[in-house]
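As structure tokens, the structure follows; a few thoughts come after it.
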Amino acid sequence: MIRSSRIYVAGHRGLVGSAIVRRLERQGFETIITRSRDEVDLTSQAAVNDLFDQQRPEFVFLAAAKVGGILANSTFPADFIRENLQMQTNVIDAAYRSGARKLVFLGSSCIYPKYAPQPMKEQYLLSGALEPTNEAYAIAKIAGITMVNAYREQFGFNGISLMPTNLYGPGDNFDLESSHVMPALMRKFHEAKLSGAPTVTVWGSGTPRREFLHVDDLADAATFMMDKYDNGDIVNVGVGEDVSIGELAALIAEVVGYEGEIVYDSSKPDGTPRKLLDISRLLSLGWRPKVKLKNGIVSTYKWYVENGAQRS
Ligand code: GDP
Numbered sequence: 002m003i004r005s006s007r008i009y010v011a012g013h014r015g016l017v018g019s020a021i022v023r024r025l026e027r028q029g030f031e032t033i034i035t036r037s038r039d040e041v042d043l044t045s046q047a048a049v050n051d052l053f054d055q056q057r058p059e060f061v062f063l064a065a066a067k068v069g070g071i072l073a074n075s076t077f078p079a080d081f082i083r084e085n086l087q088m089q090t091n092v093i094d095a096a097y098r099s100g101a102r103k104l105v106f107l108g109s110s111c112i113y114p115k116y117a118p119q120p121m122k123e124q125y126l127l128s129g130a131l132e133p134t135n136e137a138y139a140i141a142k143i144a145g146i147t148m149v150n151a152y153r154e155q156f157g158f159n160g161i162s163l164m165p166t167n168l169y170g171p172g173d174n175f176d177l178e179s180s181h182v183m184p185a186l187m188r189k190f191h192e193a194k195l196s197g198a199p200t201v202t203v204w205g206s207g208t209p210r211r212e213f214l215h216v217d218d219l220a221d222a223a224t225f226m227m228d229k230y231d232n233g234d235i236v237n238v239g240v241g242e243d244v245s246i247g248e249l250a251a252l253i254a255e256v257v258g259y260e261g262e263i264v265y266d267s268s269k270p271d272g273t274p275r276k277l278l279d280i281s282r283l284l285s286l287g288w289r290p291k292v293k294l295k296n297g298i299v300s301t302y303k304w305y306v307e308n309g310a311q312r313s
């Protein structure tokens, strides 16, 4: 990408897309194309084709997706598979047909088998059964990876696929029903601190382990890979270490300044027991994560207090 490149960020209002736009703006790119959902419905093939015909982006970051936490995924699997398949199919196909030079597709660490050996290497894809709570979403993402590679094979289209681990950061969804664990716990501890509640409820057993990547690190990796990587092999993006949900809860409580008790609700699902990515492929390309978990939680909590807490 050069300064005058025409760069389309699909999903620029989301956690990932907004971080990519922030990064591109900071780097001085002059033609960043974005469209809100009201302007272009990415589930509509006609609307997406029109956008690409008119704008002719050269580089495409496909960060548009329907995402959610464990409860949303297990409650609305039809929405997750349909919307993701539609959006990604439309954008990948339109990018190829309109002559885009390159596309970065963003998948997820939930594409790997539920009981994959840890840390999870890229080659474990399609080697076993998926975690049922987000199977519909995962299969949509796996279809996206396969589509990107099929277009590379059949048409020579330069698409690459990155698999980020669990993400967090400014602009996240703090709705308690549909969010992921990090924003959910930030909000629960914050509200409990304000109301003086004696306990905060954490779902499941607290024993599952998750890896957390700050979204600014993902945006950094996505632009790095747009410039440096031209290969169909998927690449994991993570930090290479994980924490238990219990440890995460304790860390967030400390940052928020909540001193009450943490209780566990075993009626809620744990999901997959562990989801830690092997990031050696990305490290070998010369990229390193920069945001330490504690610092990322501190800055995201600050963002939530300043921007999100009133709205949510
Ligand atoms: P997952 O990584 O796809 O399982 O998605 P989540 O981020 O939604 O959940 C991660 C883990 O955190 C699961 O074991 C959840 O049960 C646990 N968890 C604990 N409390 C919460 C909460 O308040 N919200 C969510 N979404 N997950 C929670």
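Read left to right, the sequence shown gives residues 2 to 313 (our numbering).
Note that the Cβ used here is the ideal one computed from N, Cα and C, for glycine as well.
This structure is a prediction, so every number in the text was calculated from the model and none was measured.
Assigned with DSSP and collapsed to three states, A11 falls in strand. For the set P274, Q155, A141, the Cα lying nearest the Cα of P78 is the one of A141. If you compare the alpha carbons of L214, G233, A185 with that of A254, the shortest gap goes to A185.
Taking the Cβ of K269 as the reference point, at least one heavy atom of the ligand GDP falls within a distance shorter than 7 Å. According to the DSSP secondary-structure assignment, E262 is paired through a beta bridge with T200. Secondary structure at H181: coil, using DSSP grouped into helix, strand and coil.
Taking the Cβ atoms as the reference, A223 lies roughly 16 Å from V68, outside the contact range of under 8 Å. For V105, DSSP records a beta bridge to F62, I161. Checking the 7 Å criterion, the Cβ of I71 is within range of a heavy atom belonging to the ligand GDP. The secondary-structure analysis by DSSP pairs N237 across a beta bridge with M164. Going by DSSP, I3 is part of no alpha helix (DSSP H) at all; its letter is neither H nor E. Looking at the DSSP output, Y97 sits in no beta bridge, so it has no partner there. Relative to the Cα of L107, the nearest Cα in the group Q56, S5, K293, A11 belongs to A11. Look at the beta carbons and you see the segment 255-265 not touching the segment 127-142: under three pairs across the two are nearer than 8 Å. One Cα belongs to Q89, the other to P199, and the distance between them is close to 45 Å. In this structure, the beta-carbon distance from K115 to G205 does not fall below 8 Å. Counting only residues of its own chain and dropping the five nearest sequence neighbours on each side, A139 has a CB closer than 6 Å to the CB of C111, I112, L131.
DSSP lists R7 as the beta-bridge partner residues of T32. Boundaries cannot be given for F77, as no beta strand (DSSP E) includes it and DSSP labels it neither H nor E.
At least one heavy atom of the ligand GDP lies closer than 7 Å to the C-beta of V182.
Here the segment 209-221 lies against the segment 232-247, with 3 or more beta-carbon pairs under 8 Å apart.
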